[in-house]
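Asks: After the structure tokens below, expect a handful of questions from me.
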Amino acid sequence: MGQYSTLIYQSVDHTARALLAHFQAQYGKLIFIPLGISAKTPEKIALASSLSVERHLLRSFEGEEKLMLLIQNAEIRQVYNDFMDGLYGSLSFVGKTAMKALGMRMYRDDLDAQLKNNKLNKPSVYEKRKENLLIILRALFGELQANLQQAGVQVVFGNEEGMLSSMDEGFQKLAIFQ
25 MGQYSTLIYQ
35 SVDHTARALL
45 AHFQAQYGKL
55 IFIPLGISAK
65 TPEKIALASS
75 LSVERHLLRS
85 FEGEEKLMLL
95 IQNAEIRQVY
105 NDFMDGLYGS
115 LSFVGKTAMK
125 ALGMRMYRDD
135 LDAQLKNNKL
145 NKPSVYEKRK
155 ENLLIILRAL
165 FGELQANLQQ
175 AGVQVVFGNE
185 EGMLSSMDEG
195 FQKLAIFQ
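So for the sequence shown, the working numbering puts the first residue at 25; every next one is plus one.
This is the structure:
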């Protein structure tokens, strides 16, 4: 599947740039400066997570120009963690310390626990975190789908149960959103 590596890297890089722009607009540009988030951050995220995307989220069909994008709990957990590794690896020392102190350095297990807690105790925070995670997933899967299709590859979505009609159907079935 190595023939898609460049497309996957470009998709992850573009997704990281779009997400940083989205969160910068949401939280303000000034918060990014002390964290050390810069123009190089998306590259570092893409380097850390594009191979993970290729390994965990893509399955090929023998002899066909067709790929399945997997929307499965364990695979998305691994890619999310690698994405976060790339983000944290790009931060300044001050940024890493601040993110840790604010409880924002979250890997999927931390996020899962926080979402469950907030769902019960702080429903508005739960909805905000859930929406942010959906923004990340939709951006990544949408970018992958568009870039692969533009390269002439047929793309379908699937999970443990088989084929899915859409990526949103897959996201609704993820354990984190139950």
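Even glycine gets a Cβ: it sits at the ideal position worked out from N, Cα and C.
Comparing C-alpha positions only, which one of L54, F181, Q50 sits nearest to E155?
Replies: Here the closest residue by C-alpha is Q50.
Asks: Take L172 as the anchor and find which of M92, I57, V118 has the nearest alpha-carbon.
Replies: The residue with the shortest Cα to Cα distance from L172 is M92.
Asks: Taking the beta strand (DSSP E) that F201 belongs to, which residues open and close that run?
Replies: Taken as a continuous stretch (DSSP letters only), F201 belongs to no beta strand (DSSP E), as it is neither H nor E.
Asks: Per DSSP, N183 forms a beta bridge with which residues?
Replies: Looking at the DSSP assignment, N183 forms a beta bridge with G186.
Asks: Where does Q174 fall in DSSP's three states?
Replies: In the structure shown, Q174 sits in a helix (DSSP, three-state: H, G or I).
Asks: Starting from S84, follow its DSSP beta bridges and name the residues at the other end.
Replies: DSSP lists L91 as partners of S84.
Asks: Does the segment 131 to 144 touch the segment 65 to 83, meaning 3 or more C-beta pairs lie closer than 8 Å?
Replies: Judged by Cβ distances under 8 Å, the segment 65 to 83 makes no contact with the segment 131 to 144, as fewer than three pairs qualify.
Asks: Mind checking which residues open and close the alpha helix (DSSP H) that includes A63?
Replies: Here A63 belongs to no alpha helix (DSSP H), and DSSP marks it neither H nor E.
Asks: Measure the C-alpha to C-alpha separation of K152 and L94 and round it to an integer number of angstroms.
Replies: Cα to Cα, the separation comes out at about 25 Å.
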